[in-house]
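In what follows, a single structure is set out as structure tokens and then discussed.
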Amino acid sequence: MLADSRAVVGFRDATKEMLYPVAARSAHGSRLTDVDGNTYTDITMGFGALLLGHEAEPVTEAVRRHLSDGLRFGPRSADTGEAAALLASLTGMDRVAFASSGTEANSAAIRLARAATGRDKVVMFRGSYHGHIDSVLGRPGGPGQHAVPVSRGIPASAVAELIVLEYGAPESLETIEALGDGIAAVLVEPVQCRNPGLRPVEFVRSLRELTARRGIVLLFDEMLTGLRPHQRGAQEHFGVVPDLATYGKALGAGFPIGAVAGRADLLDGVDGGFWRYGEPGGPSRETTFIGGTYMQHPLSMAAARAVLTHLIERGPGLQSGLNARTQALADRLNTFFHDEEFPLELAHFGSMFRFRHRADLELLYHHLQLRGVYVWEWRSFYLSTAHTQEDVDRVAEAVEGSLRELRDGGFFPRTAPRPARTAQRTDVPRPAPDFGVYFFGDYPDTGEADGSGAGGGTPEAYDTVLETARFADEHGFSSVWLPERHFDSFGGIFPNPAVLAAAVARETGSVRINAGSVVLPLHDPVRVAEEWSVVDNLSGGRVGIGCATGWHARDFALHPDRFADRRRIAFDHLDEVRRLWRGEAVRRRTGEGAEAEIRIRPRPVQGEPPFFLTTSGQRASYGEAARHGLGVVTNLMSQTVDELAANIAHYRRTRAECGLDPEAGRVTVLVHTYLGDDHATARAEALEPMVRYLRSSLLMRSAATAAGSRREDVAAASEEDLDYLFRRAYDRYCDRRALIGTPASVAPFVDALHGAGVDEIAALVDFGMDRERLRSGLEHLDVLRRRTKEREQERGREREQKRKRWQEQEREHEQEREQALGQERERHARPEDIVAPATSAQRRLWLAAQLMENPAAYNETGAVRLRGPLDLAALRAAVDGLVERHAGLRTVFRAEEAEKGGVVQVVRNGLRIPLTVTDARGQDAERAIGALLAEESGRAYDLAAGPLFTPRLLRLAEDDHVLVLGTHHIVTDAHSAALVAGDLQELYTAAHVGRTPVFDRPAGTTVGAPEPPADAADLAWWRESLGDRPPVL
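The numbering of the sequence shown is the UniProt record's numbering, which starts it at 1 and goes up by one.
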């Protein structure tokens, strides 16, 4: 007889007759068929392994081809080295070792980390899963920070060196910092399959910095996230490169496999490192034990090679398309859940998703299976590239139909009938874009100039920059952008934007001064932070820092070794600049050869300036900017306005997925600008300067394509032909990509950029107009800026009128809703309350309360001082959850006639007891605390009306609070108060980090609690003892 742990997952007596395993007869693509002939759309997908679907053709063909020549088990497969090289290439890792499962891979990775560091302790996080080896099957609860086993059969010694912390909590970083010298590895499931909505980006980045500084191995468990959301998995999402990462699942496409990838010095612990035949010496590094019969199994290697080859051939678009399909499913179902008032939501990361419940919804999964959607016991689900839109629609319809069917059966009723609505509130519109000025012109030396450059010589060019900056400052423009360029007349007066920015700072008083942009790979991040901190001080905190990875190989004459890897270096340097700006230290080697911690001086004025990423319009760059919390600086040379709108939507959506405010990210678009009194004249005056500018910047080919010329014509054109093509399409270019004309004629283009989601238009004004025309153009640009704001104000007044009309209608509808809700509550209030006889202890306390003169004698009051940041919203949610979880906190006690049972306890279902906040900031703390405790200790509880639980919060300062919980002793004692406090802590933590709370034990209730039988002898004894009055003294 088969023993299978899946048989008891989620087991309940009430639903056990509905539980049954699905035994499959066949599977292909997104479908499987069971032995009874029932067909299912599969969203279990091999527990996340089947990224390409069942029987994916590339994998099936590779395995079939291998077996055609025999299994060849024993010798190394020719596929093994190829698979290792492909995985290293995709993930950016140095070396790869294979295992036969994810559990084995994690075991090997931990052993490698311990061997390399000489330390034993391992940190992991609650809610993560790293396989079934004993050493990671622990939970918090041991002495100090140590773990205890999660189940019987695991000795305490197995988890003696394991520490389990809270994922995403700042306190966890503090613990790791304190224990750092003894920690070998921090093991992270970057996005937990049980809580895909928890993605603490800044926490993981801080963890990367901390582990690197303390010599701890950072180990990503990418069993589920590896290859699925992106070719580089969760590393791409977090912008973090771990020391080791483990893979499996999708890598084998259903064949058993695990892999460890990472730094060469760590993976050398498997085989000792590289050596060569015919040369002296051998493996140079000490090894640890890694082995297993089925490691590098030939069929798994064939499958892995096929999967990796397919992913590389298809490119990142494979994952992004699948992610978008999952996002659409989530949007559809979450809208349905909200509109229909069902207590759940669909959380997802990439194409991995999970339903998060706010009620018991176990029946939903039974109904899904009946409707032909295959689900498994642990309730984590996945889409694959084999799922069509029809499959996704089928899943959504099954979920919607199942929930409606459950509601028809009496589950999950609406709170009230929904009244008809005649008006819908519109979303708050995005404000009109700001206007800034941007410089990036061609500045040939006076000896080289042909008379057409902006301002001629270099000194006059700087005068023009400063004059333009003063104009922008005096006329309410938002910013001045200064670029960086080296060794070329194009942008040639901007080799160090910080120096020029310092001059601008002294000439202006309010306009922001932005680097547009610093080429980070060319500089030491310490110098970047230092220089711009000086400008921040000179300007009174008006600096913004645009960052670029660099385009021009000639610029990299400063650091030629960095050009090939410039993108990674740029983001590494950005991270260091940000840390220095925040006041953190970085380590550098001094002239004496010693390591020293360095902090920048002077300290900047701003806590953190706005940071931007410069991009020419690539979708991936928008995603990178979003994930790193950066704004975007872009142009229209390589993207249309519609493509810009799609890129901005992707940017804001990615910010939301990363837990950032999607609307807070700022998008600036650079456009060539020259405005005059007459449209045709302005266009004619700008034509020759524009042609010379594009020719000198080598952008003529892009401009000709942007203007509407066919790509094949542009690709084959000579320089003369390109000039002709652009001149012919010049007006189209100006209509679609530039602000050239009059304030009135370009206003529709401004509206189009506004509609695309642009926050700022940076007018590139130095593309070759002479100085006088540049000045007059600025005057007309200011007219455009003012008119744009005026149009926005007029639209705002119209919106305000509509809002007031909407509010009026909303008040009427709210009255209707309240009336309907009141009627519904009246109809359901009494049946929903639970009435039961009071226990003997409750009857004694109730009687004592009636007889005693002091009604507060049985009050219980507990208080705790909370120092540090407090998430008030999470605390309110925790209190609500506590009241909902513990029936005793909602219980009152009433006296009924003897024939109805005497004293009864009434559990008031649906009762909400809000947290009351008292503001005592500025008062004497001890006196305020004493007064509140005295008030609660003296509270006269009404046992019949309730509530008998009073949660209160005293705010002493922004980071200093006192939480007071008052109850009557009839509902709590010391034991139950400890349980309530523990549950409140768990509920707060869960609400703060955005996960589902996990409790160690069920909440108890006194309803139906067993009572000792009445004893006649006891009653006789009490009557005899109390029969005579005591003597009068």
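All C-beta atoms in this analysis are idealised placements derived from N, C-alpha and C, irrespective of residue type, glycine included.
Quantities reported herein were computed from a predicted structural model and do not represent experimental measurements.
With C-beta atoms as the reference, is residue i less than 8 angstroms away from residue j?
i, j, result
"P229", "F353", "no"
"A920", "L954", "yes"
"M223", "F98", "no"
"V605", "D536", "yes"
"L318", "L308", "no"
"R683", "D731", "yes"
"G262", "A234", "no"
"H367", "E405", "yes"
"A956", "A928", "As written in the sequence, residue 956 is Leu, which differs from the Ala given in the question. In contact: L956 and A928 (Cβ atoms closer than 8 angstroms)."
"V437", "V765", "yes"
"E104", "G292", "yes"
"D391", "G768", "no"
"L943", "F893", "yes"
I need the boundaries of the beta strand (DSSP E) containing residue i, first residue and last residue.
i, result
"F220", "V217 to D221"
"F471", "Looking at the DSSP string, F471 is not in any beta strand (DSSP E); the run it does join, the alpha helix (DSSP H), is T458 to E474."
"E958", "It is not in any beta strand (DSSP E) - E958 carries neither H nor E in the DSSP assignment."
"E597", "E595 to I598"
"N195", "Taken as a continuous stretch (DSSP letters only), N195 belongs to no beta strand (DSSP E), as it is neither H nor E."
"D536", "Not the beta strand (DSSP E): D536 falls in the alpha helix (DSSP H), residues P525 to S539."
"N859", "N859 to R867"
"T891", "T891 to A895"
Could you tell me the boundaries of the alpha helix (DSSP H) in which residue i lies?
i, result
"A730", "Note that residue 730 is Tyr in the sequence shown, not Ala. Start and end: Y730 to R737."
"D642", "V641 to E657"
"Y247", "Per DSSP, Y247 belongs to no alpha helix (DSSP H); it is in the beta strand (DSSP E), L244 to Y247."
"I404", "It should be pointed out that residue 404 corresponds to Arg in this sequence rather than to Ile. It spans Q389 to D408 - the alpha helix (DSSP H) in which R404 sits, taken as one unbroken run."
"R214", "V201 to R214"
"Q842", "S840 to L851"
Determine the DSSP secondary structure at residue i, reduced to helix, strand or coil.
i, result
"S452", "Only weak support is given to the placement of S452: the predicted model assigns it a pLDDT of 45, under 50, and the question is left unresolved by the model."
"D4", "coil"
"E760", "strand"
"M295", "coil"
"E663", "coil"
"Y40", "strand"
"A1017", "helix"
"G252", "coil"
"N635", "strand"
"G278", "coil"
"V373", "strand"
"T175", "helix"
"H230", "coil"
"Y20", "coil"
"A704", "Unreliable positioning characterises A704 in this predicted model, as indicated by a pLDDT of 42, which lies under 50. The coordinate reading is nonetheless provided below. Three-state DSSP puts A704 in a helix."
Give me the residue from the options with the minimum Cα distance to residue i.
i, options, result
"V518", "R512, G509, V528 and S510", "V528"
"S206", "L311, L173, L915 and R25", "L173"
"D782", "R805, T468 and R554", "T468"
"V484", "D731, T549, L948 and A838", "Position check: residue 484 holds Glu in this sequence, whereas Val was assumed. Selected option, being the one with the closest Cα: T549."
"P947", "A887, Q618 and G273", "A887"
"P997", "L198, H366 and P444", "L198"
"A626", "R666, T640, I600 and D642", "R666"
"R599", "A259, V526 and I493", "V526"
"L403", "S380, E341 and A763", "E341"
"R76", "F355, V217, F381 and S300", "S300"
"A185", "Q231, E236, F125 and G153", "F125"
"F487", "V148, T950, V122 and N496", "N496"
"H975", "D959, D960, D94 and A1003", "A1003"
"T91", "R939, E986 and E236", "E236"
"E958", "L984, V917, V993 and A977", "V917"
Using the DSSP secondary-structure output, state which residues sit across from residue i in a beta bridge.
i, result
"L344", "H357"
"S26", "T33"
"S479", "R512"
"T916", "R952"
"K121", "I183"
Compare the C-beta of residue i with all C-beta atoms of chain C and state if any pair is closer than 8 angstroms.
i, result
"L636", "Judged by its chain identifiers, the structure shown contains no chain C, having just a single protein chain."
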